[in-house]
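A short write-up of the structure that comes next.
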Amino acid sequence: MLIKIACPNCGGETTFSLSQESYEGPFRCWKCHNLFRISLANGAVASCETMSSEEADRLTEELRKKRPSGYY
Ligand SMILES: [Zn+2]
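Going by the working numbering, the sequence shown opens with residue 181, and the numbers climb by one from there.
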């Protein structure tokens, strides 16, 4: 499924492709390149918080540990 996420910083819309209805993880706006931690539930944005690139790296690492294969 495809979800459109409007960037809280610049308003640019990014189309996000999901294999399931919920997701939590890093998201980068294609327009302003800001990083956000987003969580999606039932195909809608539940929360969206700005984060630094250090936080994003850490989150990516965490997710990678949880899902050792088939992610990225
Ligand atoms: Zn943006």
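Yeah, the Cβ is synthetic: ideal placement off N, Cα and C, and Gly gets one too.
Spatial distance of residue i from residue j (CA atoms)
i       : j       : result
Lys-184 : Val-225 : 9 Å
Lys-245 : Cys-190 : 32 Å
Phe-196 : Leu-182 : 6 Å
Ala-221 : Tyr-203 : 7 Å
Cys-209 : Phe-216 : 8 Å
Glu-229 : Glu-235 : 11 Å
Arg-168 : Cys-187 : Limits of the chain in this structure are 181 at one end and 252 at the other, which puts residue 168 out of reach.
Three-state class that DSSP yields for residue i in the structure shown
i       : result
Cys-209 : coil
Glu-201 : coil
Tyr-252 : Here the model assigns Tyr-252 a pLDDT of 49, short of 50, so the residue's position is not dependable and the matter cannot be decided.
Ser-227 : strand
Ser-219 : strand
Nearest candidate by alpha-carbon position, reference residue i, set the options
i       : options                               : result
Glu-193 : Tyr-203, Arg-247, Asn-222 and His-213 : His-213
Gly-223 : Ala-186, Glu-201 and Arg-247          : Glu-201
Ligand 1 site residues, beta-carbon cut 5 Å against heavy atoms
Cys-187, Asn-189, Cys-190, Gly-192, Cys-209, Lys-211 and Cys-212
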